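Just so we're aligned: 166 in my numbering is position 170 of the sequence shown, and the numbers increase by one with no gaps anywhere. Here the structure comes first, spelled out in structure tokens, and everything after it is commentary.
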Amino acid sequence: MSIFKKQKSKSFKFFIQKFLSFNNLKRMGTYYWFRLNRIPGSTYSISAGFACGSMVSFTPLLGLHFLLAILFAYFLRANLFAALIGTAIGNPITFPLIWGLIYNIGAFIISKPDTNIINEINVNLILNQTYEVLLPMLIGASVMAVPIWIISYSIMYSFVSSYKKAKKRKNNNT
């Protein structure tokens, strides 16, 4: 058997299954966890940056997530790279849940009559029927922004501070 022999090409389905496998998602999560913790900066800076990114992920403004995350992080003097990592909270797996949540909250606030539109939300519907869908989603996102920021900031602050304390303790023992 030669090492230069042509291998069978893998199917697209194989690559998708491998990418979405539990082991790969766990490995990517661990990588970004360590990457986030090793960012130089204060615990506040890293946690606030991540919180800005996760907060922005709860908006229906898909093309603007990175820009908005950097903008909010800049004004809060937070870490910009952590803000970009925080936008990973919004991904194709979580967007349907996020959009359904913010739409229902926004529709409740503006007392919009309950329609069965939640099962049909897509980008075309958002762009063509702005008042019907985008307005409730923006209102719901603005209501959810502060609680999401506080929750993600608290969780990240706890994780980052414990990681830095453990690292400091390890460096003092050696």
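Beta carbons: idealized from backbone N, C-alpha and C, even for Gly. In this text, all values refer to a predicted model and were calculated from it rather than measured experimentally.
Which residues bound the alpha helix (DSSP H) around residue i?
{"i": "Tyr28", "result": "18 to 33"}
{"i": "Gly102", "result": "91 to 105"}
{"i": "Pro143", "result": "131 to 169"}
{"i": "Gly59", "result": "Where Gly59 is concerned, there is no enclosing alpha helix (DSSP H), given that its DSSP letter is neither H nor E."}
{"i": "Ser41", "result": "39 to 52"}
{"i": "Ile81", "result": "76 to 82"}
Assuming contact is defined by CB atoms lying nearer than 8 Å, are residue i and residue j in contact in what I supplied?
{"i": "Lys160", "j": "Thr83", "result": "no"}
{"i": "Ala137", "j": "Pro36", "result": "no"}
{"i": "Ala69", "j": "Leu58", "result": "no"}
{"i": "Ser43", "j": "Val156", "result": "yes"}
{"i": "Ser53", "j": "Ala74", "result": "no"}
{"i": "Ile66", "j": "Leu32", "result": "no"}
Whole angstroms is fine: what's the gap from residue i's alpha carbon to residue j's?
{"i": "Gly25", "j": "Phe0", "result": "34 Å"}
{"i": "Gly102", "j": "Tyr153", "result": "29 Å"}
{"i": "Gly49", "j": "Leu60", "result": "11 Å"}
{"i": "Ile106", "j": "Tyr127", "result": "11 Å"}
Throw me the rounded Cβ distance for the residue i and residue j pair, which I believe falls under 8 Å.
{"i": "Ile94", "j": "Gly86", "result": "6 Å"}
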